[in-house]
Amino acid sequence: MSASSTKNDFDENIASIDFIPSDPNATFYFLPNGIGKDRRTIFTNAIQQFHLQLLTSPKNARFIIVDEQFDAPKVYSVLKLDASENDEKPKPIIIQTKWLSDSLKEKHLVPLTKDYIIRAPLIRKKAMPSFSQEPVIEEKTRFQNKPKRRLSDDQPQGGSATQVKQRRYSSDDDDDDYDIMEDYNDTVKNPYKHGELPKGNWMCSMSSQTAKKNTEVNKDIIEKLQAMADLYSKTNDKWRAYSYQKAITTIRRCTKRIDSYEEIIKLPGIGESLAKKIWEIIDTGSFEKLEDFQSSEYMTVINLFGNIWGCGPNIAKQWYDQGFRTLDDLRTKAKLSHNQQIGLKYYDEFLERMPRDEVAEIEAVKEHALALVPDLTIQTCGSYRRGKATCGDVDILITHSDGISHQGLLIPLVDSLRKSGMLLKFI
């Protein structure tokens, strides 16, 4: 370990510290607070892998490794350390866990630069209260001893935070991708006045080029998360689907490649459970949960039935529960609505995506509509308007500036299209 480690604090004039594991002065204490079980195991194994001297108490540790959420005063408070000036004993250097993460990535201990250091507080001796020397591993919430007060009329009456957390919507597995408390905490940390939208990096405020560039940076992550969100939507697990969509929106805003767990966990709206899954995608290039879900019989059948026009997640699940497994089962055994019969009849056709030039031909609908009512506002929407090369369907918006003249247009427009041979069947 370099000479800089003998000073009372990390020397501003020294670029970094290089560790020699056998150096008796290079002693470490690992504060587990705020770190999940899996990450805790990873960091503990890293400390052993790099042969760092780990102490069971912070009292004599020269370096303290903590989660990025902590600042120095918090660390000193939790561990009951003396932050006052003391020439006899230097203050410990507080290190972010990112140092271990980066070392694991590089497969060796990286130099301890200022970027990894959390600056220590400097408090006069007389200003410091006396503390016991035993660390408190889990700090009690600072709200416990606050006096109770009545809620005002404009505050929510939904019960305590613990009660709210217990109302979390979940599916049959033990996954915690969605936690309603994350939304609650976001609201508390970022309040805004009623009737006003909070300012932020909304996707709609970005140029299409910026959004596309951001998406490309973390494309592999977004694609797998989107696939998982789609599967949850098809099983009608709307809360987990929402959680994944929320994460996708956040990641799309990232202007650089995400390459560490610490970066993920700092992103707004992404909890520990989902952060682990995102890290799995980054670290291994695969997503085991997605692969298992996609290959299961249940999901294969739900996907098959869910692609039928006129069939939603609930209907698909009902058919599965009734023992139907194939499209032939539905044709011969299921009681189908008119729309479902049409969807089953044109199953393959509806799944085919139309090339853009074919959609342009369908825009001839505009001519028929304008022949019936002049001055209509007509816009082809959806993926065609967004410039996609192919489209699953064609959405055409028809209205009029007076808000009246477009009413009753549908039936005569359909008749006009049918007579021209453009419309084969009206569903």
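Its first residue numbered 228, the sequence shown is counted upward by one per residue in our numbering. Where is the CB? At the ideal position from N, CA and C, for every residue including glycine. If you're wondering where the values come from, they're calculated on a predicted model, not measured in any experiment.
- Contact check for Glu489 against Glu295 passes: the beta carbons are separated by less than 8 Å.
- Under the 10 Å beta carbon count, Ser522 is surrounded by fewer than 16 other beta carbons and is classified as exposed.
- Taking C-beta separations shorter than 8 Å and ignoring five residues to either side along the sequence, the partners of Thr477 in its chain run Leu494, Pro495, Gly496 and Ile497, following chain order.
- His278 and Ile505 have their C-alpha atoms roughly 29 Å apart.
- Rounded to the nearest angstrom, the Cβ distance from Ser628 to Thr604 is 7 Å, consistent with a contact under 8 Å.
- Shown here, Val293 sits in a strand according to DSSP, grouped into three states.
- For Leu517 against Ala468, the beta-carbon gap comes to about 13 Å, at or over 8 Å, which does not count as contact.
- Taken atom to atom, the span from the alpha-carbon of Met526 to that of Glu588 is near 36 Å.
- Measuring C-alpha to C-alpha distances from Asp584 to each of Phe577, Arg612 and Thr559 identifies Arg612 as the nearest.
- When secondary structure is reduced to three states using DSSP, Phe255 falls in the strand class.
- Between Gly570 and Ile623 a beta carbon distance of about 21 Å is seen, past the 8 Å cut, so the two are scored as non-contacting.
- The segment 575-643 is shown to contain whole beta strand (DSSP E) runs of 3 or more residues at 604-607 and 623-626, in chain order.
- With a cutoff of 8 Å on beta-carbon distance, Ile274 and Phe255 are scored as near each other.
- Only residues of its own chain outside the window of five on either side were considered, and among them Ile535, Gly537 and Cys538 have a CB closer than 7 Å to the CB of Gln567, listed in chain order.
- Judged by DSSP in its simplified three-state form, Gln453 adopts helix.
- Only buried fits Val293, as 16 or more other CB atoms lie within 10 angstroms of its CB.
- Fewer than three beta-carbon pairs drawn from the segment 479-489 and the segment 541-561 are found closer than 8 Å, and the two stretches are therefore not classed as touching.
- Taking C-beta atoms as the reference points, Thr617 and Arg580 count as a pair closer than 8 Å.
- The shortest C-alpha to C-alpha distance from Gln634 to any of Val302, Leu599, Gly619 and Leu281 is the one to Leu599.
- Shown here, Leu281 sits in a strand according to DSSP, grouped into three states.
- Going by C-alpha positions, Ser564 is about 14 Å away from Gln545.
- Using a Cβ distance threshold of 8 Å, Ala288 and Ile345 do not count as a contacting pair.
- Residue environment: Leu578 is assigned as exposed (fewer than 16 neighbouring CB atoms within 10 Å of its CB, all protein chains considered).
- The Cβ-Cβ distance between Thr607 and Glu594 does not fall below 8 Å.
- A distance below 8 Å between beta-carbons, with the five flanking residues on each side excluded, links Asp265 to the following residues of its chain, in chain order: Lys503.
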